[in-house]
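Engineer:
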Amino acid sequence: MKEGDTIRKGIIRYLLYFINMLKGKHIVLGITGSIAAYKSCLIIRLLKKAGADVQVVITPSGKEFITPITLSALTSRPVISDFFSGRDGTWNSHVDLGLWADAMLIAPATACTIGKMANGVADNMLITTYLSMKAPVFVAPAMDLDMYKHPSTKRNLDLLRQYGNHIIEPGDGFLASGLEGKGRMEEPETIVNILDNSL
Ligand SMILES: Cc1cc2nc3c(=O)[nH]c(=O)nc-3n(C[C@H](O)[C@H](O)[C@H](O)COP(=O)(O)O)c2cc1C
């Protein structure tokens, strides 16, 4: 690449940094128990690169798929999962998170979490945070094709749409189960672009 091209690219990247809508934004990233949870690391990297501040809230199942250490290292923030921090009387406030956030993104979103969100089953930090959220909510489902096709999942996603949440449709393709069909979580770059264009 010529020196002029490198400088031009550098200037474009510098300008994009200042016009991107994610700069300085507070994003609550909800992570659930899906095989696609590893992709949340890429989402965090892209959000951080765009200048956003990311707070992860993970379900108990989510921690079986990806470790809080990795997520905390990437976000430079402690990961929130439990209502209570320890036996010292401290606790995590879903209400404060709801006020802090400029957007909440749940990626990946399992069928289970989507069902709980649709029906207000507030039995973990992610759902209580969702129910307290004042900012726009984006949901990126990830599941096997038959789970995605099930009338229960369809109904729950329709309910979330009615609540005004933005559903980031999954794509078609090879799934972790070895099957092929719709249910594959949208790619991190696309998810972050959707957020960037919507905020
Ligand atoms: C290996 C493995 C992969 C899974 N992947 C998914 C998935 O992609 N989507 C989904 O809806 N459930 C998946 N599940 C099931 C969820 O982990 C399970 O429903 C769990 O209760 C979800 O809890 P959560 O939504 O609170 O994180 C998977 C389970 C296993 C064992």
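The numbering used here puts the first residue of the sequence shown at 90, with every later residue one more than the last. For glycine and all other residues, C-beta sits at the position ideal for the given N, C-alpha and C.
Starting from I283, follow the alpha helix (DSSP H) in both directions and report where the run begins and ends.
Structural biologist: P277 to S287
Engineer: Can you tell me whether T218 is buried or exposed? The criterion is at least 16 other CB atoms within 10 Å of its CB, across all chains shown.
Structural biologist: buried
Engineer: Could you spell out the range, first to last residue, of the alpha helix (DSSP H) harbouring L131?
Structural biologist: That run of the alpha helix (DSSP H) goes K128 to K138.
Engineer: Is I100 buried or exposed, if buried means 16 or more other CB atoms sit within 10 Å of its CB?
Structural biologist: exposed
Engineer: Using CA atoms only, rank isn't needed, just tell me which of P167, K238 and P259 is closest to V143.
Structural biologist: P167
Engineer: At a cut-off of 7 Å, is N213 close to ligand 1 when judged by its beta-carbon and the heavy atoms of the ligand?
Structural biologist: Distances taken from the Cβ of N213 to the heavy atoms of ligand 1 include one shorter than 7 Å.
Engineer: I'd like the span of the alpha helix (DSSP H) that includes R166, first residue to last.
Structural biologist: Taken as a continuous stretch (DSSP letters only), R166 belongs to no alpha helix (DSSP H), as it is neither H nor E.
Engineer: Would you kindly work out how many angstroms separate the C-alpha atoms of E278 and I133, rounded to a whole number?
Structural biologist: 11 Å
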